[in-house]
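One structure below.
In the numbering used here, the protein residues as written are 3 to 279.
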């Protein structure tokens, strides 16, 4: 998750970046072997934010950030991951850097999921439609949302993304909202069956890949898998058939999307940069 050089440096482990990322993949492979399953299980190379702000908000240059991600991705690829999961992202700029790094390093599938605040935007102000549009244009294999909230408040985010992408949409909410118990520990009180039921609205809204984030356990995922099989919501139906084809022309900045239509009308665009305000 935080296996990039910048985060590891905080613990004096930057020089161990290669062995740490390899060990994480080895642990995942051991878990698959110990499960005794004969199903195909895929290992994700997990990537997230560095904790540094990108220029001009911070002092981390965009090209430097790409190289930071390329280093970690290189080690993950050497260790044998099957795809890359860029998750819990709050900055569209960092998402872009991670995707570019992946494309320049390997040919593995890339899934990117962001986390959104209660106002429906990331910490840096990006809305779901913008994230879906920009990342799809960059060539990701799946886009979506993780963490943020429980299943019930994630539906509107999935619906917005579905309007602006043709790639599969991933939804990985928490097991409800965190609470403090009598011992002062943070706990998530949504039971597995309640979690699974809540996930059905996300599938109906357009989610094609579903799972869990904070507070979810193997029992939550088991309950979700069982309910999906029982309801046959995803059986033999491709995501494009369930959601329909999305065709639109739009522009975006880091925060919002502007639809410019498909009617062929001439559109005049004026661009202005005011470096002094």
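Using N, Cα and C, we set each Cβ at its ideal position, and we do this for glycine too.
Please read these numbers as outputs of a predicted model, since none were measured by experiment.
- One thing to note: residue 128 has its Cβ no nearer than 8 Å to the Cβ of residue 147.
- The criterion of a C-beta distance shorter than 8 Å is not satisfied by residue 47 and residue 9.
- Looking only at 201, 209, 123, the smallest Cα-Cα distance to residue 225 is reached by 201.
- Around residue 216, the same chain offers 149, 176, 177, 180, 190 as residues with beta carbons nearer than 8 Å, after the five sequence neighbours per side are excluded.
- In the three-state scheme derived from DSSP, where H, G and I count as helix and E and B as strand, residue 216 is classed as coil.
- For a cut-off of 8 Å, the C-beta gap from residue 256 to residue 94 is around 5 Å, short enough to register as a contact.
- Three or more beta-carbon pairs separated by less than 8 Å are not found between the stretch 129 to 137 and the stretch 59 to 77, which leaves the two stretches without contact.
- Assigned with DSSP and collapsed to three states, residue 146 falls in strand.
- In this structure the stretch 63 to 70 does not touch the stretch 33 to 44; the number of beta carbon pairs closer than 8 Å is below three.
- When rounded, the separation of the alpha-carbon atoms in residue 51 and residue 6 is 9 Å.
- Between residue 252 and residue 209, the CB-CB gap reaches or exceeds 8 Å.
- Residue 138 counts as buried, since at least 16 other C-beta atoms from the protein chains shown sit within 10 angstroms of its C-beta.
- Residues 49, 71, 88 of the same chain have their beta carbon placed closer than 6 Å to that of residue 100, with the five preceding and five following residues left out of the count.
- Sequence-distant partners of residue 43 (beyond 5 residues in either direction) whose C-beta falls short of 7 Å from its own C-beta, in its chain, are 34.
- The DSSP-derived three-state label of residue 55 is coil.
- In the structure shown, the three-state DSSP call for residue 194 is helix.
- Per DSSP, residue 110 lies in no alpha helix (DSSP H) segment and is marked neither H nor E.
- The straight-line gap separating the alpha-carbon atoms of residue 92 and residue 184 is approximately 32 Å.
- 8 Å or more divides the Cβ of residue 159 from the Cβ of residue 214.
- With contacts defined as CB atoms closer than 8 Å, residue 130 and residue 197 fail to qualify as a contacting pair.
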